[in-house]
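As they're listed, the protein sequences go chains H and B. According to this note's numbering, the first sequence is numbered sequentially starting from 666. According to this note's numbering, the second sequence is numbered sequentially starting from 666.
Protein chains: 2
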Amino acid sequence: MLIDPKHLHILSAIVDAGGMSQGARNLGKSQPSLSRIVADLEARLGESLFEKGRRPLQPTELCTRLASEGRVIARATQQAQDIASQFISGHAGSVRVAGTPIFMDGVISTIIAGFQDEFPELRVDQSYGYAEELIEALRAGTVDTCVCPMEPGDVPDDIGFQRILKGRNVIACGSAHPLARKKSLRLEEISEFPWITQPAGSPLYQDLRDVLDSIGISDFKVSYSGGTLSSIINVLAGSKALTVLPFSVVYMQPKNTIVALPIRIEHPKRELGMLWNDMESQSPAKRRFIRYMTKRFAGISQAVAERQRQEIWRE
Amino acid sequence: MLIDPKHLHILSAIVDAGGMSQGARNLGKSQPSLSRIVADLEARLGESLFEKGRRPLQPTELCTRLASEGRVIARATQQAQDIASQFISGHAGSVRVAGTPIFMDGVISTIIAGFQDEFPELRVDQSYGYAEELIEALRAGTVDTCVCPMEPGDVPDDIGFQRILKGRNVIACGSAHPLARKKSLRLEEISEFPWITQPAGSPLYQDLRDVLDSIGISDFKVSYSGGTLSSIINVLAGSKALTVLPFSVVYMQPKNTIVALPIRIEHPKRELGMLWNDMESQSPAKRRFIRYMTKRFAGISQAVAERQRQEIWRE
DNA sequence: AATTAACATAGCATTATGCTATATTATTTG
DNA sequence: CAAATAATATAGCATAATGCTATGTTAATT
């Protein structure tokens with residue numbers, strides 16, 4: 666003797682409408698449908714649900730109590746309906762984003778803020794990692810999308826990649842740094858200052874080495890390492906140390922904290938991009954996030970390049 | 666795009682069981698059933714509910730949220746199930762009992778106490794009235810059963826009647842009354858005391874008149890009227906007034922409050938009985954109540970008659 | 001008594017659901 | 001890495017549930 670929750674819902678609709686005909690209209694069904702469902706229920710329960718022979722339909726006590734459970738069911742079903750449509754339209758759900766620390770802290774988090782402003786019901790779970798582990802995480806399904814500097818050729822075939830920003834590094838220092846005011850610099854001038862480095866495995870560490878190699882500095886002094894971006898910026902701002910950072914990160918910082926030195930250094934071969942595993946199986950929220958990011962970066966990319974041209978290349 | 670609450674319930678069962686096979690076992694269904702229902706739901710939502718190609722079945726975010734609504738539905742359905750079976754077995758529900766005030770207060774309420782002790786989930790709604798209005802209320806369906814002194818011949822054909830107690834009246838007084846200690850009384854002795862009466866329309870008022878008429882007292886002094894039983898008893902106990910009461914009422918009172926005088930007075934033609942409208946359409950709880958009352962009174966009726974024989978008739 | 005509005009029933013078409021048998025597939029084991 | 005295992009997916013078929021329209025009944029109203 667099992668009761669179908671749908672029947673309880675229908676019962677509540679009849680009781681609330683005050684009759685079968687109106688109840689049927691409210692539910693978008695025909696009156697005979699409800700009539701039969703009620704009759705079946707009565708037969709299966711062995712109890713009548715409406716006083717018979719009364720025309721403003723009068724629910725029995727049992728009916729009233731079952732109808733109140735029906736209301737709970739109706740509410741939960743509606744809720745599920747809403748959740749589903751919110752979810753399908755990409756207005757509800759969550760995205761798990763991972764990426765390299767400096768970019769996540771320095772650029773992506775600000776863009777995420779804009780995303781959350783536009784889609785307040787969407788939850789973003791952020792985590793950190795470098796290329797190999799990120800791809801690993803994508804494959805394991807513990808992360809939905811990653812932001813990571815990659816050489817496009819290094820992206821495995823099974824992983825989607827969308828470039829969002831060109832790789833442009835600069836040498837950065839605190840805005841009070843003695844070199845900060847100079848219009849032009851000779852390479853020798855920077856050699857006396859100590860350096861802030863990223864962890865050895867990180868792309869930026871490699872970039873730093875490459876830059877100094879190309880300038881001819883093979884032996885450099887490291888004054889600070891291991892901090893996340895906010896620590897690095899504090900150290901830069903309060904000391905004479907230098908570091909290599911993506912220009913986009915410098916660009917996104919508030920004025921008067923750090924600046925980029927007007928020295929052209931070589932572009933890293935990596936480009937910042939978004940990675941994903943299987944776009945088709947992504948939920949709408951996740952697709953929406955990726956769409957949003959690539960779209961926002963289309964604009965930002967321009968602005969960053971323009972500013973860099975003005976500030977570093979002085980054209 | 667309507668979601669069936671049953672499907673949400675099934676979804677929650679699958680998620681909670683950690684897989685379809687176990688979920689199917691828990692629900693008492695076959696695994697292919699669930700598999701298809703999930704596939705249909707996915708097709709209709711256009712979103713997958715379980716990560717595909719993962720074997721410990723892993724619900725997607727959407728699935729998790731829908732399942733949590735499913736749990737609400739499962740709980741409400743179970744609740745409805747419980748309500749129904751409690752109700753059908755007569756262990757839940759309510760009974761609306763009406764009756765004449767003195768009997769309700771003096772006898773029935775005590776029996777109701779026993780009923781509620783045995784069926785604590787059953788609610789009793791009590792109200793008061795006299796024969797015509799009671800029958801009216803039964804027909805209107807505002808009351809389920811009535812307790813009322815009636816002449817069996819006066820019961821309308823459409824109303825069921827079950828005698829529960831013979832009509833036996835006595836003259837009652839406070840236990841400290843000067844007449845209370847006498848073994849036998851002459852009729853003249855009672856004529857000097859004032860009387861407590863019921864409202865003019867009540868059966869007991871008629872009984873009082875009949876009694877005094879038969880004794881030859883046509884002109885009697887009324888000292889108090891209009892009170893319900895507890896007032897009447899207080900007035901009896903604290904004054905020298907007399908009144909006519911059913912012996913059953915006197916019998917049910919605690920010792921040393923009121924007593925019945927050893928004077929044989931004529932039996933009223935009315936007998937206390939239970940009335941109902943249509944036994945078939947009564948809910949189990951109401952049937953159970955009527956059953957309980959008639960059964961309890963089968964015993965009480967004996968005890969009352971026996972005691973009355975001893976106390977009044979002195980046989 | 002006639003009218004009206006609602007509920008009940010009948011009949012039929014369609015969909016949903018149930019099952020068993022069997023194919024696939026992810027994971028574990030040897 | 002192949003075999004074994006255990007779970008899910010699919011196919012096919014029978015049955016139950018549900019939908020509708022048309023129509024019969026009935027309680028309330030005029």
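We put the beta carbon where it would ideally sit given N, CA and C, even for glycine.
Interface flag, residue i vs chain H, CB-CB below 8 angstroms
{"i": "B:V789", "result": "no"}
{"i": "B:D669", "result": "yes"}
{"i": "B:F784", "result": "no"}
{"i": "B:G825", "result": "no"}
{"i": "B:E707", "result": "no"}
{"i": "B:I738", "result": "yes"}
{"i": "B:E726", "result": "yes"}
{"i": "B:L803", "result": "no"}
{"i": "B:L722", "result": "no"}
{"i": "B:L910", "result": "no"}
{"i": "B:R701", "result": "no"}
{"i": "B:L673", "result": "yes"}
CB contact below 8 angstroms: residue i versus chain B
{"i": "H:E712", "result": "yes"}
{"i": "H:I800", "result": "no"}
{"i": "H:E980", "result": "Low per-residue confidence applies at H:E980: pLDDT is 43, beneath 50, and the placement is therefore not dependable, though the value from the model is reported in the following sentence. Output row for H:E980: interface = no."}
{"i": "H:E734", "result": "yes"}
{"i": "H:E857", "result": "no"}
{"i": "H:A741", "result": "yes"}
{"i": "H:S903", "result": "Note on identity: in this sequence residue 903 of chain H is Gly, with Ser being the wrong assignment. Answer no: the Cβ-Cβ gap between H:G903 and chain B never drops below 8 angstroms."}
{"i": "H:A837", "result": "no"}
{"i": "H:G806", "result": "yes"}
{"i": "H:E716", "result": "yes"}
{"i": "H:M730", "result": "Sequence inspection shows Arg at residue 730 of chain H; the Met mentioned does not correspond to that position. Interface residue, yes."}
Short Cβ contact (8 angstroms threshold) for residue i with residue j
{"i": "B:A749", "j": "H:L727", "result": "yes"}
{"i": "B:V835", "j": "B:I930", "result": "yes"}
{"i": "H:E971", "j": "H:G832", "result": "no"}
{"i": "B:S840", "j": "B:I923", "result": "yes"}
{"i": "H:F954", "j": "H:T810", "result": "yes"}
{"i": "H:P670", "j": "B:P670", "result": "yes"}
{"i": "H:G938", "j": "H:I829", "result": "yes"}
{"i": "B:T908", "j": "B:A837", "result": "yes"}
{"i": "H:S913", "j": "H:V876", "result": "no"}
{"i": "H:P933", "j": "H:G891", "result": "no"}
{"i": "H:C813", "j": "H:L799", "result": "yes"}
Local Cβ density within 10 Å of residue i, reported as buried at 16 or more and exposed below that
{"i": "H:S948", "result": "buried"}
{"i": "B:D649", "result": "The structure shown does not extend to residue 649 of chain B, since chain B is modelled only from 666 to 980, so the question has no answer here."}
{"i": "H:S713", "result": "buried"}
{"i": "B:K951", "result": "buried"}
{"i": "H:A704", "result": "exposed"}
{"i": "H:T807", "result": "exposed"}
{"i": "H:M944", "result": "exposed"}
{"i": "H:G735", "result": "buried"}
{"i": "B:S1046", "result": "What the structure shows of chain B is the stretch from 666 to 980, and residue 1046 of chain B is not part of that stretch, so it cannot be assessed."}
{"i": "B:E980", "result": "In this prediction, B:E980 has a pLDDT of 43, which is less than 50 and means its spatial position is unreliable; nothing more can be read from the coordinates."}
{"i": "B:A689", "result": "buried"}
{"i": "H:P843", "result": "exposed"}
{"i": "H:R761", "result": "buried"}
{"i": "H:G683", "result": "exposed"}
{"i": "H:P919", "result": "exposed"}
DSSP bridge partner residues for residue i (one or two, in chain order)
{"i": "H:D790", "result": "H:R761"}
{"i": "H:I861", "result": "H:Y889"}
{"i": "B:Q947", "result": "The partner list for B:Q947 (beta bridge, DSSP) is empty, contrary to what the question assumes."}
{"i": "H:L907", "result": "H:C838 and H:W860"}
{"i": "H:S925", "result": "Residue identity check: residue 925 of chain H is Ala in the sequence provided, not Ser. For H:A925, which the question treats as bridged, DSSP gives the partners H:A837."}
{"i": "H:Q918", "result": "Answer is none; H:Q918 lacks a bridge partner."}
{"i": "H:R961", "result": "Paired residues: none, contrary to the question."}
{"i": "B:F826", "result": "B:L940"}
{"i": "H:F715", "result": "H:P724"}
{"i": "H:M815", "result": "H:E936"}
So if I threshold CB-CB distances at 7 angstroms, which residues from the stretch 678 to 696 of chain B count as touching chain H? none
Beta carbons nearer than 7 angstroms to chain B: which residues of the stretch 744 to 770 of chain H have them? Q744, A745, Q746, I748, A749, F752, I753, G758 and S759
Which of the residues in the stretch 923 to 955 of chain B, read from start to end, lie with their CB under 9 angstroms from any CB of chain H? S946, S948, P949 and A950
Name the residues in the stretch 840 to 853 of chain B whose C-beta lies less than 8 angstroms from a C-beta of chain H; which are they? For the stretch 840 to 853 of chain B, which is checked against every Cβ of chain H, not one residue is closer than 8 angstroms.
Output, in sequence order along the chain, the residues in the stretch 856 to 878 of chain B whose CB is closer than 8 angstroms to any CB in chain H. none
Mind checking the stretch 876 to 899 of chain B against chain H and listing, in chain order, the residues whose C-beta falls within less than 8 angstroms of any C-beta there? Within the stretch 876 to 899 of chain B, contact with chain H at the beta-carbon level (separation under 8 angstroms) is assigned to no residue.
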